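**Student:** Its first residue numbered 136, the sequence shown is counted upward by one per residue in the numbering used here. Think of the CB as a built atom: it goes at the ideal place given N, C-alpha and C, for glycine as much as any other residue. Please read these numbers as outputs of a predicted model, since none were measured by experiment.
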Amino acid sequence: MAKIQRVNVDVPYQLGTSNDDQNTPHEVYGGKFSFRAFVQNTLKAWSFHSLYRLFYNVRHSIRNQTKVVIFKSRPMTLLAILVHVPPIVATAFMSHLIFREYWIGADLTTNRGWDRQANLLIQFAAKFLEIMIIGSLTTMIFTFVRREVTLGQGAPLAAFFAGNSFSSPEFLWSDEMTAMLRGRFSTVWKKVFFVSFLTLCCLLAVVVAPATATVLTPLNDWWMMGGSWVYIDKAGRAIYPKTLTAADTVKGDVCEVAGNVDCPSAGWDSLTHLVSYLPDHAVLNVTKGSWIRIPALFPLATPESILQISLSVREPEETSGWKVSRMTLPHRMTGAALAATTMLWQDALTMMAKENKHYRGSDYRYSTFQELPSMETRCRVTVVAANRTMPSGNNNENKPVSFPEVRAEASFANNTEDMALQNSATEAIWSSPNTTEPRLFFFDIEPQESLSANVSVGTVVSLPRKGGSMALYGCLTNAEWVGMNTGINIDNHVWTDDWPFPVTWKPAKKVTIHTSYANLTNPRVDNEGTTVFQRLAASSGLVNSELGLDWTVGHVETVINAMLTNGMARTAPAASPIVTLKDADGAWWRNFFPRKTQFGFPESGTVFDVTEARRATSQALHFRAEMKGFAYSASDSTVWYSMMGLFAYCFVAVAFIAWSLAVGVTSKSWESTPELLALAMRSPPPGDEKMPTSILEDTNALRERYCIVASGADVLLRPMEGTERVPEGMRVKPNVMYR
136 MAKIQRVNVD
146 VPYQLGTSND
156 DQNTPHEVYG
166 GKFSFRAFVQ
176 NTLKAWSFHS
186 LYRLFYNVRH
196 SIRNQTKVVI
206 FKSRPMTLLA
216 ILVHVPPIVA
226 TAFMSHLIFR
236 EYWIGADLTT
246 NRGWDRQANL
256 LIQFAAKFLE
266 IMIIGSLTTM
276 IFTFVRREVT
286 LGQGAPLAAF
296 FAGNSFSSPE
306 FLWSDEMTAM
316 LRGRFSTVWK
326 KVFFVSFLTL
336 CCLLAVVVAP
346 ATATVLTPLN
356 DWWMMGGSWV
366 YIDKAGRAIY
376 PKTLTAADTV
386 KGDVCEVAGN
396 VDCPSAGWDS
406 LTHLVSYLPD
416 HAVLNVTKGS
426 WIRIPALFPL
436 ATPESILQIS
446 LSVREPEETS
456 GWKVSRMTLP
466 HRMTGAALAA
476 TTMLWQDALT
486 MMAKENKHYR
496 GSDYRYSTFQ
506 ELPSMETRCR
516 VTVVAANRTM
526 PSGNNNENKP
536 VSFPEVRAEA
546 SFANNTEDMA
556 LQNSATEAIW
566 SSPNTTEPRL
576 FFFDIEPQES
586 LSANVSVGTV
596 VSLPRKGGSM
606 ALYGCLTNAE
616 WVGMNTGINI
626 DNHVWTDDWP
636 FPVTWKPAKK
646 VTIHTSYANL
656 TNPRVDNEGT
666 TVFQRLAASS
676 GLVNSELGLD
686 WTVGHVETVI
696 NAMLTNGMAR
706 TAPAASPIVT
716 LKDADGAWWR
726 NFFPRKTQFG
736 FPESGTVFDV
746 TEARRATSQA
756 LHFRAEMKGF
766 AYSASDSTVW
776 YSMMGLFAYC
786 FVAVAFIAWS
796 LAVGVTSKSW
806 ESTPELLALA
816 MRSPPPGDEK
826 MPTSILEDTN
836 ALRERYCIVA
846 SGADVLLRPM
856 EGTERVPEGM
866 RVKPNVMYR
């Protein structure tokens, strides 16, 4: 092999001449597989070229090192495009986990022993994937640049540095981008393509950093693992009737005495514990907001489940925010259906675990959306002195019983206006006054009355006061069936929101409660004829109370709400959930879970065997089972958009791979600043016309078109004049080694 002589850079360089006699290429690349070249190309693409230098000692100095500047060989192209394969494969793998929905479990590691380390490892993996994608984009940019400056007619000097600076968003308004926009390419379409491609790569580089971290980090959230439609056999009765009468409960006179669990008064003894909080209801410090109140959720036992009452009690203090008395309670049948289905679901989880499908999370949430009773009662109080003579006749002015004004929509909000009202209950109070025992009388709102548009039932209450006086309360109640999310836990506690749902006081949603049903919420509880209300009044401290009247109003409203809400939640006592399993002798538990996806509602629709004819006469309930844990899913919009960013990169990478295989051109030269600097130092100076100063005060120098030409065994960087083209004799030849 001939001795290589370096070109004397002090001799003026003429583009149209060559020194082939003195400097000839060392050898031509034979196109064989080179593991060393493959390792070098890959590590350089991932910015790990120093590792290559560490394990492969360079035999000659940089000055004498020979290298193929550009390959035109499909075997080498295949080696070069392998740098794009890992990020594409990683993206495809993550898309499989995300769009097919992969459930990890309650913890990232067993018993959370290594969760922090697992999170750290995920972040390292995300960073490594980001490095691979940036390296892939860098390879694409440099491949286009090298092809144009060696085999083409050159590119602006700024293009040489684009592959090293495109990954920052500031590149879009940098001097390099400005120079390329104003600089000269060999053709306009190449300029448009390259600038557009650089912009796309810059945007992708900005996106991939957060996208990889978002995509690789599993979401710790609530996931719908399955569920079932549950059907309740109504036994010929409406569970949510618009008008409640005695026909909506147990037939006969059995409910006229407390004790039957199917009657509207069932559970009244639990209500005594609820109202026993009322005597201590007080303000401790208005300024600092210190109060003693009833718990927001209070348990009410039924044979099938424990229902949680949600309530608020009106307070006289304007600053408290508790201006009305409301109560909400899940229906007994809803609780029964949820309790039965939850027990089967727990068994299904156990059976799935035996099939090596572990669906349990760190927490659980079983719920449905169903109608339930919600109501609001408003009262006004009047004190009758101990020595006052009870009036007679039909003159309301002599019968001081005030009621809240609720006929106008404006009165719904202010709750301050009063009105006089005469009815059967007021007549009963005045006809047989009793200043020693508490009494309660329900009265119907006749359809022709103006109150019938928004009042469900009326109530008159008399309570004895200290000193022999009597407090008369005129109350009006608005009851509605409202749709709310209702949840249950494995202890069969059924609840809704801890703040009761507000009612509207409007005709469209009002439920009429006839006295034939309302009176069954206040039956006798013993042989002495003591009623439910009298027991509740005693427990709530309302009998012979010394508490201020403005406080007792809210307490009376709460007692009425408790009785009526409890009664409304027990309609259709003969109804029952249908729990006959579909495929009872087979793998019935699989019907709880979706099969085509990990999360969502099962394709079977229901785990229970209910005919279409029976479904038509039943009340349907949608049971949802949710688990909290770690999973990959595209349900989160942030993950979905992040995957779209990675898919955009994959599209660009696949298009580049196809182009590379078609043209068979690849190279790894001048991908780093030291390599570019070495090339410039070995090349003759461009002259004052092209680069008048070493301080780039403007972008003119970066706009100039440069190409890389061959001068014997050397490659040199040279500027191009105007539309000047590179002579064929000076072109860099593919597969030829230069130094």
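Tell me the residue span of the alpha helix (DSSP H) that contains Cys514.
**Tutor:** Counted as a single uninterrupted DSSP element, the stretch harbouring Cys514 is not any alpha helix (DSSP H) but the beta strand (DSSP E) occupying residues Asp498 to Val519.
**Student:** Pull the bridge partners of Ile444 from the DSSP assignment, please.
**Tutor:** Phe433
**Student:** From which residue to which residue does the alpha helix (DSSP H) around His408 run?
**Tutor:** Trp403 to Val410
**Student:** Count the other C-beta atoms from every protein chain shown that fall within 10 angstroms of the C-beta of His466, then say buried if there are 16 or more, exposed otherwise.
**Tutor:** buried
**Student:** With a 10 Å radius around its C-beta and 16 neighbouring C-beta atoms as the bar for buried, classify His416 as buried or exposed.
**Tutor:** buried
**Student:** For a quick check, are the C-beta atoms of Ser300 and Val341 less than 9 Å apart?
**Tutor:** no
**Student:** Determine the extent of the alpha helix (DSSP H) in which Cys336 is found, giving its start and end residues.
**Tutor:** Val323 to Leu351
**Student:** I'd like the span of the beta strand (DSSP E) that includes Met360, first residue to last.
**Tutor:** Leu354 to Asp368
**Student:** Can you round the beta-carbon distance between Thr463 and Leu507 to whole angstroms, since I take them to be within the 8 Å contact cut?
**Tutor:** 6 Å
**Student:** Give me, in chain order, the residues of the same chain whose beta-carbon lies closer than 7 Å to that of Thr437; leave out the 5 immediate sequence neighbours on both sides.
**Tutor:** Gly402, Arg467 and Gly470
**Student:** Quick check: the Cα distance between Val541 and Ile580, rounded to an integer number of angstroms?
**Tutor:** 13 Å
**Student:** For the stretch 677 to 717, list the alpha helix (DSSP H) runs that are entirely contained and at least 4 residues long, ordered along the chain.
**Tutor:** 684 to 703
**Student:** Taking the beta strand (DSSP E) that Cys842 belongs to, which residues open and close that run?
**Tutor:** Arg840 to Ser846
**Student:** Nearest-angstrom Cα distance between Gly664 and Leu575?
**Tutor:** 13 Å
**Student:** Determine the closest residue to Thr349 out of Leu671, Cys336 and Ala260, with distance taken between C-alpha atoms.
**Tutor:** Ala260
**Student:** Determine, using beta carbons only, whether Tyr776 and Thr384 come nearer to each other than 9 Å.
**Tutor:** no
**Student:** What is the DSSP secondary structure of Asn654, counted as helix, strand or coil?
**Tutor:** helix
**Student:** Which of the three DSSP states, helix, strand or coil, is assigned to Met778?
**Tutor:** helix
**Student:** Do the stretch 362 to 378 and the stretch 789 to 804 make contact, defined as three or more Cβ pairs closer than 8 Å?
**Tutor:** no
**Student:** What is the DSSP secondary structure of Pro210, counted as helix, strand or coil?
**Tutor:** Per DSSP, reduced to three states, the secondary structure at Pro210 is helical.
**Student:** Tell whether a beta-carbon distance below 9 Å holds between Phe547 and Thr639.
**Tutor:** yes
**Student:** Should Arg659 and Cys398 be called a contact, given that it needs their Cβ atoms to be closer than 9 Å?
**Tutor:** It is not a contact, given that the beta carbons lie outside the stated cut-off.
**Student:** With 16 as the cutoff for other CB atoms within 10 Å, does Leu435 come out buried or exposed?
**Tutor:** buried
**Student:** Identify, in the order they occur along the chain, each residue of the same chain with its Cβ nearer than 6 Å to the Cβ of Tyr499, setting aside the five sequence neighbours on each side.
**Tutor:** Met762
**Student:** Quick one: is Met478 buried, meaning 16 or more other Cβ sit within 10 Å of its Cβ, or exposed?
**Tutor:** exposed
**Student:** Using C-beta distances below 8 Å, list every residue in its chain close to Ala227, excluding the 5 sequence neighbours before and after it, in chain order.
**Tutor:** Cys785
**Student:** Quick check on this structure: which residue in Leu213, Lys489 and Pro221 has the alpha carbon closest to the alpha carbon of Ser271?
**Tutor:** Pro221
**Student:** Tell me, please, which residues DSSP counts as bridged to Arg600.
**Tutor:** Arg600 pairs with Ser680.
**Student:** Exposed or buried, Ser497, counting other C-beta atoms within 10 Å across all chains shown (16 or more means buried)?
**Tutor:** By the C-beta density criterion, Ser497 is exposed, having fewer than 16 other C-beta atoms within 10 angstroms.
**Student:** When you compare only the Cα positions, how much space is there between Leu598 and Ala606?
**Tutor:** Cα to Cα, the separation comes out at about 5 Å.
**Student:** Could you pull out every residue in the same chain whose Cβ sits closer than 6 Å to the Cβ of Val518, ignoring the five residues on either side in sequence?
**Tutor:** Ser604 and Ala606
**Student:** May I ask which residues mark the beginning and end of the alpha helix (DSSP H) holding Trp887?
**Tutor:** The chain is shown only over 136 to 874; residue 887 falls outside these bounds and no answer can be derived.
**Student:** Measuring only the C-alpha atoms, how far is Cys514 from Gly240?
**Tutor:** 53 Å
**Student:** Give the list of continuous alpha helix (DSSP H) stretches no shorter than 4 residues that lie fully inside the stretch 726 to 778.
**Tutor:** 747 to 751
**Student:** Report the residue ranges of all alpha helix (DSSP H) runs contained in full by the stretch 592 to 638; include only those spanning at least 4 residues, in chain order.
**Tutor:** Listed in chain order, nothing qualifies, since the stretch 592 to 638 has no complete alpha helix (DSSP H) run of 4 or more residues.
**Student:** Based on the DSSP output, what are the partners of Arg495 in its beta bridges?
**Tutor:** According to DSSP, Arg495 bridges with nothing at all.
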